[in-house]
Amino acid sequence: MSDKINVLLTEEEVDSKIKELGERISKDYAGKSVHLICVLKGGVFFMCELAKRITVPVSLDFMSVSSYGNGTTSSGAVKIVKDLDEPLEGKDVIIVEDIIDSGNTLHYLVEILYKRKPSSIKICTLLDKPERRVADVNVDYVGFNIPDKFVVGYGLDYAQKYRNLPYIGVVEV
Ligand code: IMP
Ligand code: MG
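Heads up: the sequence shown begins at 1 in the numbering used here, then just goes up one per residue.
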C-alpha cells in the first residue's frame, strides 16, 4: 500500500539551501577544520550533501541514539545505541540532524558530548519545527522552519519508509 505524499520542499529548494548552509559554515570555520557528527539514520543524506559543500577540512563520525519515550513523543533522556568511533577532545564539532522537534534528543546529546571536551559544539539541522520545542537547544544553522506536520524524505522516515525521497513531503493521512 502506498501513501499519498504532498511535496513541501522540492529537491531544488533543498539542494540550494544545503549549498547556502555549506557556504556559511565554510566562512564561519575559515582557518579551522570541522568534525561533523551525523545522528543516524535520518541525518545521513543531509550530512553527505552538506559535507560536499564545505570547503574547510572535514572529518565525519556517526552515532545512533534512541529516546526513552512512548513512540511518538520523546521523553527526554536518550540512550546511545551506536557511539562515535573517534574522541572529540579539542575538535570543533557540528552535530548534523535531519529535524528538530521537541528538542529533547539534542538537548541530551549536547550534554553528553560536552563531557568529551570538544573545543566547540554547534548544531546544524535541515528542518526545524519551532512550535514544538520543549527542551532548550541552541540551534546555530537551520535550513527551513516548517509547520507542525509530519514530514518524510531526505533521510526522514515514516515507519522506515521514504528516507530515499530526494525532496521533503508530507504524508497525507
Ligand atoms: P526530538 O527529540 O523531539 O527533537 O526528536 C527529533 C527526532 O524525531 C528527529 O531526529 C526525527 O528522527 C524524529 N522526527 C520528528 N519529527 C519528525 C517528522 O516530521 N518526520 C520524521 N521524523 C520526525
Ligand atoms: Mg533524527
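We treat Cβ as the ideally placed atom computed from N, Cα and C, and that holds for glycine.
In this text, all values refer to a predicted model and were calculated from it rather than measured experimentally.
Checklist entry - Helix, strand or coil: which one does DSSP assign to Gly42? => result If DSSP states are grouped into helix, strand and coil, Gly42 belongs with coil.
Item to check | Range covered by the alpha helix (DSSP H) that runs through Asp15 | outcome: It spans Glu11 to Asp28 - the alpha helix (DSSP H) in which Asp15 sits, taken as one unbroken run.
Checklist entry - the ligand FAD heavy atoms versus the CB of Gly103: any closer than 7 Å? => result As presented, the structure is devoid of the ligand FAD, carrying the ligand IMP and the ligand MG as its sole ligands.
Item to check | Beta-ladder partner(s) of His35, from DSSP | outcome: Listed as beta-bridge partners of His35 by DSSP are Ser59 and Val93.
Checklist entry - Under a CB-based cut-off of 8 Å, is Leu9 close to chain B? => result Absent from the structure is chain B; it holds one protein chain and no more.
Checklist entry - Looking only at C-alpha atoms, which of Ser120, Asp101, Cys48 and Val96 sits nearest to Leu88? => result The residue with the shortest Cα to Cα distance from Leu88 is Ser120.
Item to check | Through-space distance from Ile123 to Val93, alpha-carbon basis | outcome: So the alpha carbons of these two residues sit roughly 8 Å apart.
Item to check | Outcome for Lys129 when other beta-carbon atoms lying within 10 angstroms are tallied against a minimum of 16 | outcome: Of the other Cβ atoms in all chains shown, 16 or more fall within 10 Å of the Cβ of Lys129; this residue is therefore buried.
Item to check | Supposed close pair Leu21, Gly169 - CB separation, criterion 8 Å | outcome: Not quite, the Cβ-Cβ distance comes to about 21 Å (not below 8 Å), so this is no contact.
Item to check | Candidates Ala135, Val173 and Glu86: closest to Leu60 by CA position | outcome: For the set Ala135, Val173 and Glu86, the Cα lying nearest the Cα of Leu60 is the one of Glu86.
Next on the checklist: Can you tell me whether Phe45 is buried or exposed? The criterion is at least 16 other CB atoms within 10 Å of its CB, across all chains shown.
Outcome noted: With 16 or more Cβ atoms within 10 Å of its Cβ, Phe45 is classed as buried.
Next on the checklist: Count Cβ pairs between the region 24-33 and the region 49-57 that sit closer than 8 Å; are there 3 or more?
Outcome noted: Three or more beta-carbon pairs drawn from the region 24-33 and the region 49-57 are found closer than 8 Å, and the two stretches are therefore classed as touching.
Checklist entry - Is the closest heavy atom of the ligand IMP to the C-beta of Ile80 under 7 Å? => result Answer for Ile80: no, Cβ out of range of the ligand IMP.
Item to check | Closest Cα partner of Cys38 within the set Pro147, Glu111, Lys161 and Leu84 | outcome: It is Leu84.
Item to check | Complete runs of the alpha helix (DSSP H) confined to the region 88-141 [at least 4 residues] | outcome: Those alpha helix (DSSP H) runs which fall completely within the region 88-141 and span 4+ residues are 104-114.
Item to check | Any non-hydrogen atom of the ligand IMP within 7 Å of Phe150 CB | outcome: The ligand IMP has a heavy atom closer than 7 Å to the beta-carbon of Phe150.
Item to check | Classification of Ile80 by the beta-carbon crowding that lies within 10 angstroms, buried from 16 upward | outcome: Under the 10 Å beta carbon count, Ile80 is surrounded by fewer than 16 other beta carbons and is classified as exposed.
Checklist entry - Smallest Cα separation from Gly42: which of Asn138, Ile100 and Val134? => result Measuring from the Cα of Gly42, the nearest candidate turns out to be Ile100.
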